[in-house]
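First comes the structure, then the notes that go with it.
In our numbering, the protein residues as written are 37 to 203.
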């Protein structure tokens, strides 16, 4: 199955789940909340910390790539074909390595942060007496919600306090 098909299937399941949940809630006193998952992730201090560390490594790699590119441009002006080919290969290597490192870094950060956030959000829901937290992600799983259900800012404060306390 392609990534697009998987993503489409997930979005459809989220929409159907959302519809059934909202229909159920009309006849129930269930306490629900909506949390903007994208905002929660990006404002989580752990995310910021890990991205800051990754940025330092990526910037160093980018500087190496820039140095090779500068050298390559100098050699091109001299029209030394052997050196141009060699430096073009070195530049391509650094570029590929940087792109791979960036992708790997994002994947690792996402896994680490969501693994921790999921546990903390479970605890948050229990402490708030909620029965359901719906994650809005900007991809159509929650098409609309008013501020009444939106606890995003409160959740961000909670998870960051939890992180700063070492939990």
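Note that CB positions come from ideal geometry on N, CA and C, so glycine has one too.
Here the structure is a predicted model, which means the values were calculated and not measured.
Euclidean distance between Cα positions of residue 198 and residue 186: Going from the Cα of residue 198 to the Cα of residue 186 covers about 20 Å.
Going by alpha carbons, who is nearest to residue 146 out of 68, 80, 51, 67? With respect to the C-alpha of residue 146, the residue from 68, 80, 51, 67 having the closest C-alpha is 80.
Based on Cα-Cα distance, which residue from 201, 195, 108 lies nearest to residue 159? Nearest of 201, 195, 108 to residue 159, Cα basis: 195.
Among residues of its own chain, excluding the 5 on either side of residue 127, which ones have a beta-carbon nearer than 8 Å to its beta-carbon? Within the same chain, residue 127 has close Cβ partners 101, 104, 105, 108.
Contact defined as beta carbons within less than 8 Å: I believe residue 83 pairs with residue 149. What is the distance between those atoms, to the nearest angstrom? That belief holds up - the Cβ atoms of residue 83 and residue 149 are roughly 5 Å apart, short of 8 Å.
Reduced DSSP category for residue 171 - H, G, I as helix; E, B as strand; rest coil: Of the three classes helix, strand and coil, the one that applies to residue 171 here is strand, per DSSP.
Short check: CB of residue 69 to CB of residue 166, under 8 Å? Contact: yes.
Residue 111 and residue 123 look like a contact to me (Cβ under 8 Å); what is the Cβ gap, rounded to whole Å? Their Cβ separation, rounded to whole angstroms, is 6 Å, which keeps residue 111 and residue 123 in contact under 8 Å.
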